[in-house]
Amino acid sequence: MNPMPVICLLGVTGAGKTAASLALAEALPGSVVNLDSRQVYRDFPVITAQPSPEEQAVAPHYLYGFLPCTERISAGVFAGKAHESCAGIREAGRFPLLVGGAGLYLLAFLEGLAPIPPVDEAVREELETLLDRKGLPALRQRLETVDPEYAAAIHPNDTQRTLRALEVYDSTGKSLTWWHAQPTSAPPVRSLKLFLEVEQEALHRRLDERITAMLEAGAEDEARRALDTCPDPEAPGWSGIGCAELHGYLTGKYGMQDARALWLRNTKAYAKRQMTWFRKEAGMVPVPAADTETIVEHATRFLEAC
0 MNPMPVICLL GVTGAGKTAA SLALAEALPG SVVNLDSRQV YRDFPVITAQ PSPEEQAVAP
60 HYLYGFLPCT ERISAGVFAG KAHESCAGIR EAGRFPLLVG GAGLYLLAFL EGLAPIPPVD
120 EAVREELETL LDRKGLPALR QRLETVDPEY AAAIHPNDTQ RTLRALEVYD STGKSLTWWH
180 AQPTSAPPVR SLKLFLEVEQ EALHRRLDER ITAMLEAGAE DEARRALDTC PDPEAPGWSG
240 IGCAELHGYL TGKYGMQDAR ALWLRNTKAY AKRQMTWFRK EAGMVPVPAA DTETIVEHAT
300 RFLEAC
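Quick look at the structure:
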């Protein structure tokens, strides 16, 4: 069985992945598969910068906005859905384009995730007690110590994945990163990993402008509607950057000015962590995010060689 060719368009938040993916999808032709852990939530299309209906009309899109705020999905399950989507795309005579910035989802798709032994229930209860007593920042700080690579791959507000990583470490004595590096049996693929580069000053300016655009496009109303049906701040859908800050604003934790400033600060910090993770990933092909001609050239040569 020949490995399936897959093109991965990767980059930090706000790098311009959607625009690049549409240009590439039209040129090949290709179909877009989501590789972003927050864009799976249907309640937050604006805040998580999901492709608009007009953008999704350019080419078929998969795995965007299919989960309610209350549900979570593991990286392994998501990878399985992504493989199913890619297989269907090839059967339709198109090429799969994985687009996003979730390093853990990329790892799960390309390499699979090793099975992990059951965790100790007492460890889980102890960590949940610690969460209630000291809050997520304390757990996050510990995760950055015992498993810095995994910490860099997940959102800083992701309570469930932080708890999961720590309970695995405390139960097995091995980090999730160690477990993920063990032999697996993921479906064979041949991948081209294009990393979209953006100069830092331009990126920070773009992130600021994007938050303004999201607010003008109805991000506050979007969060307000979600709050009516899913008020629990610990629900998985609220863990995304922007979602958490607007939840705090709408529940009176802070004013809009502070919420916006925190949103921007957390977004910049997340982009920095993403950059650190992707720089360590082997086989990345850097390309300027706005240079769609070069992106198409790389993809075309890759597919011709497959």
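So the sequence shown is numbered by numbering that gives the first Met the number 0: it starts at 0 and just counts up by one. Just so it is clear, CB atoms sit at the ideal spot from N, CA and C, and this is done for glycine as well. Note that the coordinates shown come from a computational prediction; the quantities given were computed from them, not determined experimentally.
| Check | Outcome |
| --- | --- |
| Short Cβ contact (8 Å threshold) for Ala107 with Phe65 | no |
| Alpha carbon of Gly29 to alpha carbon of Ser84, nearest angstrom | 12 Å |
| Three CB pairs or more closer than 8 Å across the stretch 210-222 and the stretch 29-47 | yes |
| Beta strand (DSSP E) runs wholly inside the stretch 122-177, at least 3 long, in chain order | none |
| Completely contained alpha helix (DSSP H) runs for the stretch 207-295, where each covers 4 or more residues | 218-228, 242-249 and 255-279 |
| Residues near Leu165 by beta carbon distance below 7 Å, same chain, minus five either side | Leu126, Leu138, Arg141 and Leu142 |
| Separation of Ile88 from Ala201, as counted between CA atoms | 34 Å |
| Option nearest Asn156 by Cα separation, candidates Pro95, Pro116, Ala101 and Leu135 | Leu135 |
| Residue range of the beta strand (DSSP E) that includes Cys7 | Met3 to Leu9 |
| Short Cβ contact (8 Å threshold) for Ile210 with Leu249 | no |
| Outcome for Arg272 when other beta-carbon atoms lying within 10 angstroms are tallied against a minimum of 16 | buried |
| When Asp290, Glu303, Val295 and Pro147 are compared against Gly15, the one with the closest alpha-carbon | Asp290 |
| Pick from Trp178, Glu124 and Ala151 that is closest to Leu162, judged by C-alpha positions | Glu124 |
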